[in-house]
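Protein chains in written order, with full-length UniProt numbering: chain Y, 1 to 257; chain X, 1 to 311.
A virtual CB, placed ideally from N, CA and C, is assigned to each residue, including glycine.
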């Protein structure tokens, strides 16, 4: 078998390992799915009336506005779980065993990434289901849904590789759980919960140029038909860039450790 | 001359200012059990980590299973198996899943993998526990699963890093039998231990590592021959007397809990008389005295005791 075929085989073995582990330890997955759902319900039912009015609509209009931001927040929340999982995995003897075996080195990390991305897609599906139940009314056709799913998957892959790198860098699982925290705030400091033009100048500048905003704008445009402009290209570039840099960073950190 | 499974010259490793290995030479013949013996912190685990490709050495040349460690680490990895002192099993997976994971990583076919897993579960008496997560296993069971996982790939050379540390005596004897059975099938075993009895029981050759240097090497018999008379064990009434005696002799292993001091000696009447006279001179009373014929503990004591008054 060629090197690439062997690497693919080892990676799929590691993905199976990771999925089994996630099934054995479901409380983490449940927590990562429930947290964004609670945020969604809080924002819609507690703040949604007022915020919806501010957008020139009602609570229903706010559900439509906030869903893309919460989808990204769900991915960022899951990143915390990934970083903790990677960090605690590294302290286990099993990873030392993998390093002494003739296997593709990156496969250990690929297993974590693919497992987490599957977990996140599941979480996003649950989130969208609940959003639909409480009044989310997307205007997207099949193509737009597929495009949104593709972008969100690419985003999840990028953020998850970043979480893996942060998990590898962290000295302890506790430190690993703190490292991705800023990611959870980025939807707030962007167009996730309110439009950026309502913010003070300095914050608005940051909000418009940080990576999450074009991604949220693109998802919003695809699902609800709002204008996308040049956000689409910028969003894909950010996601691919984060994924590529984080992948290389994670791989180097793992090889050195 | 037989082929060498491990050949190392001038192995060096430092972590920051701390020199862990200071020029270690090793030659391990194929099909034998070689034991690296030393106290905690002597550099045993670091040696295993280097030889098993986990960490790079700072200097020295190493061939493992006929392959150059620096240039062909993957060929080395394909020939070795490692069971470390920290359990290298996935605790969230069942015993059987752990073995199948190894079979997949060794690229065995599904059928061969399943057969191998079943065979190992049976051989290591884990059949009943096969479907339970490894986190529910006892220490001895985890260690057996760990070793079973190492054997999935039929390695020619197996590293066992303190395989019985933390095990109860029964599990320890079971592990010894497993090691003997393994070497009977022709594999080479590189075993580290801090238990002299273990090295004495199992090893064809023993190397004593202390502060990153090999201070003795040979068969158990050869090492014992270096210490003609074993040691004298002195028991004291209190810590003050123990400390005073330790200062007086300058060598020996003190056990503050049992209030005993082991002094290397040939155990002859003359030596005992001399020792008692020196104690009398300083008015150090002893409660009890016993003479021990030599075993590996004495080798260890004499070779390492000067640097370490306590163990």
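Hey, would you say the C-beta of residue i is under 7 Å away from at least one heavy atom of the ligand GDP?
{"i": "residue 187 (chain X)", "result": "Absent from the structure shown: the ligand GDP. Ligands present: none."}
Between the options, which lies nearest to residue i when the distance is taken from Cα to Cα?
{"i": "residue 22 (chain X)", "options": "X:11, X:31, X:30", "result": "X:11"}
{"i": "residue 18 (chain X)", "options": "X:141, X:121, X:58", "result": "X:58"}
{"i": "residue 9 (chain X)", "options": "X:224, X:183, X:61", "result": "X:61"}
{"i": "residue 248 (chain X)", "options": "X:76, X:214, X:20, X:284", "result": "X:284"}
{"i": "residue 141 (chain X)", "options": "X:89, X:189, X:153", "result": "X:89"}
{"i": "residue 101 (chain Y)", "options": "X:150, X:119, X:24, X:117", "result": "X:150"}
{"i": "residue 99 (chain X)", "options": "X:77, X:72, X:78, X:145", "result": "X:145"}
{"i": "residue 191 (chain X)", "options": "X:3, X:46, X:301, X:15", "result": "X:46"}
{"i": "residue 239 (chain X)", "options": "X:259, X:251, X:230", "result": "X:259"}
{"i": "residue 183 (chain Y)", "options": "Y:19, Y:42, Y:4, Y:83", "result": "Y:83"}
{"i": "residue 115 (chain Y)", "options": "Y:51, Y:224, Y:79", "result": "Y:79"}
{"i": "residue 82 (chain X)", "options": "X:49, X:112, X:63", "result": "X:49"}
{"i": "residue 199 (chain X)", "options": "X:120, X:26, X:13, X:38", "result": "X:38"}
{"i": "residue 32 (chain X)", "options": "X:187, X:63, X:95", "result": "X:187"}
{"i": "residue 165 (chain Y)", "options": "Y:242, Y:44, Y:13", "result": "Y:242"}
{"i": "residue 9 (chain Y)", "options": "X:267, X:162, X:73, X:109", "result": "X:109"}
{"i": "residue 271 (chain X)", "options": "X:76, X:230, X:6, X:86", "result": "X:230"}
{"i": "residue 221 (chain X)", "options": "X:206, X:157, X:177, X:303", "result": "X:206"}
{"i": "residue 251 (chain X)", "options": "X:225, X:204, X:302, X:241", "result": "X:302"}
{"i": "residue 87 (chain Y)", "options": "Y:169, Y:2, Y:246, Y:190", "result": "Y:169"}
{"i": "residue 217 (chain X)", "options": "X:16, X:97, X:64, X:24", "result": "X:24"}
{"i": "residue 145 (chain Y)", "options": "Y:171, Y:251, Y:178, Y:218", "result": "Y:218"}
Within a Cβ cutoff of 8 Å, which residues of the same chain sit near residue i, ignoring the five residues on either side of it in sequence?
{"i": "residue 117 (chain Y)", "result": "153, 156, 157, 160"}
{"i": "residue 128 (chain X)", "result": "none"}
{"i": "residue 125 (chain X)", "result": "144"}
{"i": "residue 187 (chain Y)", "result": "69, 70, 72, 73, 76, 193, 212, 216"}
{"i": "residue 248 (chain Y)", "result": "none"}
{"i": "residue 307 (chain X)", "result": "In this prediction, residue 307 (chain X) has a pLDDT of 46, which is less than 50 and means its spatial position is unreliable; nothing more can be read from the coordinates."}
{"i": "residue 271 (chain Y)", "result": "The first residue shown for chain Y is 1 and the last is 257, placing residue 271 (chain Y) beyond what the model contains."}
{"i": "residue 320 (chain X)", "result": "Look at the range of chain X in this structure, 1 to 311, and you will see that residue 320 (chain X) is not part of it."}
With which residues is residue i paired in a DSSP beta bridge?
{"i": "residue 159 (chain X)", "result": "X:82, X:190"}
{"i": "residue 253 (chain X)", "result": "X:262"}
{"i": "residue 94 (chain X)", "result": "X:133"}
{"i": "residue 15 (chain X)", "result": "X:18"}
{"i": "residue 67 (chain X)", "result": "X:64"}
{"i": "residue 4 (chain X)", "result": "X:29"}
{"i": "residue 206 (chain X)", "result": "X:35, X:218"}
{"i": "residue 370 (chain X)", "result": "Chain X is shown only over 1 to 311; residue 370 (chain X) falls outside these bounds and no answer can be derived."}
{"i": "residue 213 (chain X)", "result": "X:210"}
{"i": "residue 72 (chain X)", "result": "Bridge partners of residue 72 (chain X): none, in fact."}
{"i": "residue 112 (chain Y)", "result": "According to DSSP, which records beta bridges pairwise, residue 112 (chain Y) is partnered with nothing at all."}
{"i": "residue 9 (chain X)", "result": "X:61"}
Enumerate in chain order the residues of its own chain whose CB-to-CB distance from residue i is below 7 Å, with the five nearest sequence positions on each side excluded.
{"i": "residue 309 (chain X)", "result": "Bear in mind that the predicted position of residue 309 (chain X) carries a pLDDT of just 41, short of 50, making it too unreliable to give a figure here."}
{"i": "residue 89 (chain Y)", "result": "95"}
{"i": "residue 6 (chain Y)", "result": "104"}
{"i": "residue 39 (chain Y)", "result": "70, 73"}
{"i": "residue 27 (chain Y)", "result": "none"}
{"i": "residue 55 (chain Y)", "result": "61, 62, 65"}
{"i": "residue 191 (chain Y)", "result": "207, 213, 216, 217"}
{"i": "residue 225 (chain Y)", "result": "139"}
Spatial neighbours of residue i within its chain, please: C-beta separation below 6 Å, excluding the five flanking residues on both sides.
{"i": "residue 33 (chain Y)", "result": "123, 126"}
{"i": "residue 67 (chain Y)", "result": "131, 136"}
{"i": "residue 311 (chain X)", "result": "Low per-residue confidence applies at residue 311 (chain X): pLDDT is 38, beneath 50, and the placement is therefore not dependable, though the value from the model is reported in the following sentence. Excluding positions up to five away in sequence, the list reads 253."}
{"i": "residue 312 (chain X)", "result": "Not covered by the structure: residue 312 (chain X). The range shown for chain X is 1 to 311."}
{"i": "residue 201 (chain Y)", "result": "none"}
{"i": "residue 196 (chain Y)", "result": "204, 207, 208"}
{"i": "residue 175 (chain X)", "result": "163, 164"}
List the residues of chain B whose Cβ lies closer than 7 Å to the Cβ of residue i, in chain order.
{"i": "residue 53 (chain X)", "result": "Structure shown: chain B not included; protein chains present are Y and X."}
Can you list, in chain order, the stretches of the alpha helix (DSSP H) that have 4 or more residues and sit fully within the stretch 219-251 of chain X? List check, alpha helix (DSSP H) in window: 220-225, 239-249.
Determine which residues of the stretch 8-34 of chain Y have a Cβ less than 7 Å from any Cβ of chain X, and write them out in chain order. Answer set for the stretch 8-34 of chain Y: 9, 10, 13, 17, 20, 21, 24, 25.
If contact means a Cβ-Cβ distance below 9 Å, which residues of the stretch 94-108 of chain Y contact chain X? The stretch 94-108 of chain Y vs chain X, Cβ under 9 Å: 94, 95, 96, 97, 98, 99, 100, 101, 102, 103, 107.
Which runs of the beta strand (DSSP E) at least 3 residues long sit entirely within the stretch 24-49 of chain X? Give them in chain order. Segments of the beta strand (DSSP E) lying fully in the stretch 24-49 of chain X: 33-37.
Every unbroken alpha helix (DSSP H) within the stretch 188-238 of chain Y, with a cutoff of 4 residues, ordered by chain: Within the stretch 188-238 of chain Y, the complete alpha helix (DSSP H) runs of at least 4 residues are 201-209, 212-224.
Going along the chain, which residues of the stretch 104-127 of chain X sit with their C-beta nearer than 9 Å to a C-beta in chain Y? The residues in question are 104, 105, 106, 107.
Residues of the stretch 250-274 of chain X whose Cβ lies closer than 8 Å to any Cβ of chain Y, in chain order: Cβ contacts with chain Y come from no residue of the stretch 250-274 of chain X.
Any chance you could list the alpha helix (DSSP H) runs of at least 4 consecutive residues sitting entirely within the stretch 148-193 of chain Y, in chain order? The stretch 148-193 of chain Y contains these whole alpha helix (DSSP H) runs: 173-178, 181-185.
In chain order, each alpha helix (DSSP H) run of at least 4 residues that lies wholly inside the stretch 72-149 of chain Y: Counting whole runs of 4 or more residues, the stretch 72-149 of chain Y contains the alpha helix (DSSP H) stretches 93-99, 107-133.
Tell me which residues of the stretch 130-143 of chain X have at least one Cβ-Cβ distance to chain Y shorter than 7 Å, keeping chain order. Those residues of the stretch 130-143 of chain X that come within reach of chain Y (Cβ to Cβ, closer than 7 Å) are 133.
Listed in chain order, which residues of the stretch 87-104 of chain X have Cβ atoms closer than 7 Å to some Cβ of chain Y? The residues in question are 87, 88, 89, 90, 92, 93, 97, 101, 104.
What residues from the stretch 62-75 of chain X come within 7 Å of chain Y, judged by C-beta to C-beta, listed N to C? The stretch 62-75 of chain X vs chain Y, Cβ under 7 Å: 74.
Can you give me, in chain order, the residues of the stretch 188-219 of chain X that have a beta carbon less than 7 Å from any beta carbon in chain Y? Result list empty, no residue passes.
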